[in-house]
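A.B. asks: Going down the list, the sequences are from chains A and B. Mapping of the first sequence onto numbering that gives the first Met the number 0: residues 0 to 200, in sequence order. Mapping of the second sequence onto numbering that gives the first Met the number 0: residues 0 to 390, in sequence order. Starting off with a structure, shown below.
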Amino acid sequence: MPGSRIDYSVILDLVPQGTKVLDLGCGDGSLLAELVRTKGVTGRGIEISEEGVGACIAKGLTVLQGDIDEGLRDYPDRSFDYVILNQTIQAVKKPDMVLSEMLRVGKKGVVGIPNFAFWRMRLYLMFNGRMPKTEFLPYEWYNTPNIHFCSLLDFDEYCGKNAIAVERRIYLSTDRGGRVLKGARPNLFAESAVFLLSRRG
Amino acid sequence: MPHRKEAGPVGLVKKKFYTFCEPPHEMALEGGGRLGPVTIAYETYGRLNRDKSNAILILHALSGDSHAAGKYSAEEPKPGWWDNTIGPGKAFNTDRFFVICSNVIGGCQGSTGPSSVSPMTGKPYALSFPIITVGDMVEAQRHLVDHLGIDRLFAVAGGSMGGMQALQWAVSHPDRVLASIPIATTAKHSPQQIAFNQVGRAAIMADPNFNDGDYYGKTVPKDGLALARMVGHITYLSDDSMHEKFGRRLRGKKTLGYSFNLDFEVESYLRYKGDAFVSRFDANSYLYITKAIDYFDLSLPSGALVKAVEKVKSKFLVISFKSDWLYPPYQSKEIVKALMVNGVDITYCEIDSRYGHDAFLMDEGEMHKIVKNFLENVAARNGIAAPGAGG
């Protein structure tokens, strides 16, 4: 998400001081570095790209180059307080497996997703008759790394059916430099959302 | 603080020696043998800081030696084997760190090995030299580090067999290593790796001049050693890098010779590498060191690597290369997994290099950047002072 990264500040608020955090698909480590700096977390990252890993190392982060689609089987149960999957789920091959693994390895999960039912997406498809493109999702259908889009309703429904408790839902808009939405019909008006999850039962 | 100036050479360097375990002392070896006195050849680059906390021990591979950087004289044609990595402003920044590299025991470049004179007989040990292990190499280095007055190494680092020593250091001396950087290595030799080493040893032993290792002062088994080196070299390259380096180009001719003389570039390259090796390496050292690598299995005695590394306290940077088929990335991932399960602070990077196992020795910009950044961050976080003006 371009601009001020409202999602970062939301996640920074969600994660308590001094916890143990695993960031899946941590990219260049910007979010993880902020968590380490401002929240004093013990941070670990997993990133698939060599460039991302190199950038994380330059920031002094601890990162493993790896593919989260291959699972987190080497990580013991509940070995992290928070496992973060921010703006990554749409790019993984097996989102269900990744979600279930993150809630095994972490006591809580933080998932940031783009909302495919955002009104601009709907209008784009309706009036242009083409796959929606936005500033944040600029790819063509044939070269997009984003292969698993869902709407906020879809995601909520998935959690309900799979014994995942949604503890918090924070709806976001990139309007006016990025802000949290409080109003009704988030599935229409939120461009993205951050979910705080835990395993039910 | 990272220096802003351009990376440069370390300049002229000198090989030094340290001898320990003089009579009546002896070094007890893992294989049951005993060795003494033991001499270690070593070099240092950069300066030790006041509290002796900025030392990096560089660990060499099978055919390496203590001459990791710089030149002995301005006339020396080539600098040390990791000169592209060690120096002012380089990955192992000698403006910032005190870098040590020693020749392993069993070697032939100044440390006690099979070509050294046995105090018992007054003649070279040859095959009466005891079998040594990677653990013994590290134990000998521990004596050197003690001698230099260093309680805790800032880092240990090396590729291939050097990576095994970097792992062994972190396991054997958890309180004496702040950071470990094993590169292109494994926690235990695979059957394929043992097999290639055995071919090399068989080539040496089949040489008519081998004479049960007793060839010093006589004709050395150079054909066998050259053949061993040729096999080794093939395993260090990748299919890709051989295409790039040689293709099917002919050497010194325009048409195929239709004979058993050398036709292809790759043939003459291997012949050259083999012959060049013979002039600087001892065949018995090749036997002892390859055997030490083959015996390497960090998971012993329990057989469980996760258990073997449970006392490790060092931070780790593990690096592998995608095209390395001799020490493939899966072996590095096994190391990563075992350390991670133990909660070790470990970073892993799989570099997309085309140069096979040799990548760790090449001008591999990505590796250099990663190592440099890693070391600078660990140094900053642990308050490792740069050597002051007064040393």
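For glycine and all other residues, C-beta sits at the position ideal for the given N, C-alpha and C.
Of all the CB atoms in chain A, is at least one closer than 8 Å to the CB of ASN372(B)?
C.D. replies: It does: the Cβ of ASN372(B) has a partner Cβ on chain A nearer than 8 Å.
A.B. asks: So with Cβ pairs under 8 Å, would you call GLU309(B) a contact of chain A?
C.D. replies: Cβ-Cβ to chain A under 8 Å: no for GLU309(B).
A.B. asks: Show which residues of chain D have a CB atom less than 8 Å away from the CB atom of LEU63(A).
C.D. replies: Chain labels in this structure do not include chain D; the protein chains are A and B.
A.B. asks: What residues in the segment 67 to 83 of chain A have a beta carbon less than 7 Å from any beta carbon of chain B?
C.D. replies: Flagged, chain order: ASP73 and PRO75.
A.B. asks: Measure the Cβ-Cβ separation of ASP6(A) and SER191(A) and say whether it is below 8 Å.
C.D. replies: Yes, they are a contact pair.
A.B. asks: Take every Cβ of the segment 8 to 15 of chain B, pair it with every Cβ of the segment 65 to 82 of chain B, and state whether three or more of those distances are shorter than 8 Å.
C.D. replies: Because the criterion of three Cβ pairs below 8 Å is met, the segment 8 to 15 of chain B and the segment 65 to 82 of chain B touch.
A.B. asks: Can we say the segment 267 to 276 of chain B touches the segment 369 to 380 of chain B, given the rule of at least three CB pairs closer than 8 Å?
C.D. replies: Contact between the segment 267 to 276 of chain B and the segment 369 to 380 of chain B is absent, because fewer than three Cβ pairs lie under 8 Å.
A.B. asks: Consider the Cβ of ALA365(B): report whether some Cβ of chain A lies at a distance smaller than 8 Å.
C.D. replies: It should be noted that the sequence gives Glu, not Ala, for residue 365(B). So yes, GLU365(B) belongs to the interface.
A.B. asks: Do you know offhand how far PRO75(A)'s Cα is from GLY158(B)'s?
C.D. replies: Straight-line Cα distance between these residues: approximately 29 Å.
A.B. asks: Does THR173(A) come within less than 8 Å of chain B when only Cβ atoms are used?
C.D. replies: THR173(A) does not count as touching chain B.
A.B. asks: Among LEU63(A), SER172(A) and THR37(A), whose alpha-carbon lies nearest the alpha-carbon of LEU338(B)?
C.D. replies: Measuring from the Cα of LEU338(B), the nearest candidate turns out to be LEU63(A).
A.B. asks: Identify the continuous beta strand (DSSP E) that holds LEU207(A) and give its terminal residues.
C.D. replies: Since the first and last residues shown for chain A are 0 and 200, residue 207(A) lies out of range.
A.B. asks: In chain A, which residues lie less than 8 Å from ARG380(B) when you measure between Cβ atoms?
C.D. replies: The contacting residues are GLY59.
A.B. asks: Whose C-beta lies closer than 7 Å to the C-beta of PRO131(A) among residues of the same chain, with five residues either side of it excluded?
C.D. replies: Answer for PRO131(A): MET120, TYR123 and LEU124, listed in chain order.
A.B. asks: Would you list, in sequence order, the uninterrupted beta strand (DSSP E) runs of no fewer than 3 residues that lie entirely inside the segment 27 to 107 of chain A?
C.D. replies: The segment 27 to 107 of chain A contains these whole beta strand (DSSP E) runs: 41 to 46, 61 to 64 and 79 to 85.
A.B. asks: Taking 8 Å as the threshold (beta carbon to beta carbon), is ILE350(B) in contact with chain A?
C.D. replies: Yes, ILE350(B) lies at the interface with chain A (some Cβ there is under 8 Å from its Cβ).
A.B. asks: Count the other CB atoms, across all protein chains shown, that sit within 10 Å of the CB of HIS66(B); report buried if there are 16 or more and exposed otherwise.
C.D. replies: Buried, since its Cβ has 16 or more Cβ neighbours within 10 Å.
A.B. asks: Taking the alpha-carbon positions, what's the THR18(A) to GLY39(A) distance?
C.D. replies: Cα to Cα, THR18(A) sits roughly 8 Å from GLY39(A).
A.B. asks: Taking DSSP's pairing of strands, which residues face LYS444(B) in a bridge?
C.D. replies: Outside the shown range of chain B (0 to 390) lies residue 444(B), about which nothing can therefore be said.
A.B. asks: For the segment 341 to 356 of chain B and the segment 218 to 231 of chain B, state whether three or more C-beta atom pairs, one from each stretch, are separated by less than 8 Å.
C.D. replies: No: the two stretches stay apart, fewer than three of their Cβ pairs being nearer than 8 Å.
A.B. asks: Give the DSSP-derived three-state secondary structure of PHE373(B) in the structure shown.
C.D. replies: Three-state result, PHE373(B): helix.
A.B. asks: Give the DSSP-derived three-state secondary structure of PHE91(B) in the structure shown.
C.D. replies: Here PHE91(B) sits in strand by DSSP.
A.B. asks: Residues in its own chain within less than 8 Å of LEU152(B) by CB, not counting five upstream and five downstream?
C.D. replies: Contacts found: ALA54, ILE55, LEU56, VAL144, TRP168, ARG175, VAL176 and LEU177.
A.B. asks: Give me the chain A residues within the contact set of ILE233(B), using Cβ-Cβ distance strictly less than 8 Å, ordered along the chain.
C.D. replies: The premise fails here: ILE233(B) is roughly 27 Å from chain A at the closest Cβ pair, so nothing lies under 8 Å.
A.B. asks: What does the Cβ neighbour count give for THR346(B), buried or exposed, with the cut at 16 atoms within 10 Å?
C.D. replies: Answer is buried; the Cβ neighbour count reaches 16.
A.B. asks: Taking Cβ to Cβ, would you say HIS142(B) is nearer than 8 Å to PHE19(B)?
C.D. replies: Cβ distance < 8 Å, so HIS142(B) and PHE19(B) count as in contact.
A.B. asks: Report the three-state DSSP secondary structure of ILE383(B) (helix, strand or coil).
C.D. replies: In this structure, ILE383(B) counts as coil in the three-state DSSP scheme.
A.B. asks: Three or more beta-carbon pairs under 8 Å between the segment 204 to 222 of chain B and the segment 299 to 317 of chain B, yes or no?
C.D. replies: Because the criterion of three Cβ pairs below 8 Å is not met, the segment 204 to 222 of chain B and the segment 299 to 317 of chain B do not touch.
A.B. asks: So, with DSSP's three-state summary, where would you put PHE19(B)?
C.D. replies: Three-state DSSP puts PHE19(B) in a strand.
A.B. asks: When you check each C-beta in the segment 37 to 61 of chain A against every C-beta of chain B, which residues fall closer than 7 Å?
C.D. replies: For the segment 37 to 61 of chain A, which is checked against every Cβ of chain B, the residues closer than 7 Å are GLU49, VAL52, GLY53, ILE56, ALA57, GLY59 and THR61.
A.B. asks: For PRO113(A), which residues does DSSP report across the bridge?
C.D. replies: DSSP lists SER191(A) as partners of PRO113(A).
A.B. asks: By DSSP, does THR43(B) sit in helix, in strand, or in coil?
C.D. replies: Here THR43(B) sits in strand by DSSP.
A.B. asks: Note down, in chain order, each residue of its chain lying with its Cβ closer than 7 Å to the Cβ of THR84(B), except the 5 sequence neighbours on either side.
C.D. replies: Correct list, in chain order: ALA90, PHE91 and HIS367.
A.B. asks: Tell me the rounded alpha-carbon separation between MET160(B) and ILE67(A).
C.D. replies: Using only the alpha carbons, I get a separation of about 30 Å.
A.B. asks: Starting from LEU11(B), follow the alpha helix (DSSP H) in both directions and report where the run begins and ends.
C.D. replies: Careful: LEU11(B) lies outside any alpha helix (DSSP H) and carries neither H nor E.
A.B. asks: Between the C-alpha atoms of LYS371(B) and LYS306(B), what's the straight-line distance to the nearest angstrom?
C.D. replies: The straight-line gap from Cα to Cα measures roughly 30 Å.
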